[in-house]
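Residue numbers (our numbering): 27 to 149.
Yeah, the Cβ is synthetic: ideal placement off N, Cα and C, and Gly gets one too.
Okay, here's the thing in structure tokens:
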């Protein structure tokens, strides 16, 4: 029984390592500009407005629900803490980081928001 369990654990570790390597290989450096989204409401109703962002969108991100960015009609989930972005839902943002093009996920290293006529680094 221990040999079987050891084999299963070893196989699981090997598959996980291979999947991690595949994920790393699919990451590409990017800089994109688009609209900051509350992914819950965007997924459910396609909501992107600043008016929504100042109420419901802010509440959703403040609770830790996923943030995203809409770029040329394509939504990407941001792999970062959404709480720091809650005040900016519906505004134009710029994200510098890496993109997982297979799963539409952006892993930001820098996030800037366009507010009061200039770019402001967030987080």
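Worksheet item: Just the Cα atoms here: how many angstroms apart are residue 60 and residue 142?
Response: 17 angstroms
Worksheet item: How should residue 134 be labelled, buried or exposed, when 16 other C-beta atoms within 10 angstroms of its C-beta is the threshold for buried?
Response: buried
Discussion item. Can you tell me whether residue 64 is buried or exposed? The criterion is at least 16 other CB atoms within 10 Å of its CB, across all chains shown.
Written reply: buried
Fill in: Simplified DSSP state of residue 69, which is helix, strand or coil
Reduced to three states, the DSSP call for residue 69 is helix.
Fill in: Three-state class that DSSP yields for residue 83 in the structure shown
Correct three-state label for residue 83: helix.
Item to complete: Using the Cα positions of residue 81 and residue 53, report the straight-line distance between them to the nearest angstrom.
Response: Roughly 33 angstroms separates the two Cα atoms.
Item to complete: Would you kindly check if the distance between the Cβ of residue 74 and the Cβ of residue 120 is under 9 angstroms?
Response: no
Worksheet item: So residue 92 is in the beta strand (DSSP E); what residue range does that whole segment cover?
Response: No beta strand (DSSP E) contains residue 92, which DSSP labels as neither H nor E.
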